[in-house]
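Student: The working numbering numbers the first residue of the sequence shown as 170 and each following residue consecutively.
Built from N, CA and C at the ideal position, the CB exists for glycine as well.
Here it is, the structure, as structure tokens.
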Amino acid sequence: MKQKDIALIIAVAGISTILAFFLGNTLFGGTKNRQTKINVVDSISSNFPTADTRYFNSKAINPTQSVQIGTNNNPKPFNQ
170 MKQKDIALII AVAGISTILA FFLGNTLFGG TKNRQTKINV VDSISSNFPT
220 ADTRYFNSKA INPTQSVQIG TNNNPKPFNQ
């Protein structure tokens, strides 16, 4: 490549960069002052209402307890 060709490529790249910059600013709005209103979220309180006594009481079934149906204590129920 000759020196003229390299200079021409650099000039075209520089001009196209400047043109793309200004074209992008006109199309996408540039650096305008963009403001919007947002909703403010209320803070979460650490106070919770008491549990419903219909479900959480001393007579309620505890689902974490093991339930045995019948009196079968066979360690091998499937005759293996």
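Would you kindly work out how many angstroms separate the C-alpha atoms of residue 173 and residue 184, rounded to a whole number?
Tutor: 16 Å
Student: Any idea what DSSP makes of residue 193, helix, strand or coil?
Tutor: When secondary structure is reduced to three states using DSSP, residue 193 falls in the helix class.
Student: Would you identify the three-state DSSP class for residue 181, choosing helix, strand or coil?
Tutor: helix
Student: Which value, in whole angstroms, describes the spacing of the CA atoms of residue 177 and residue 190?
Tutor: 20 Å
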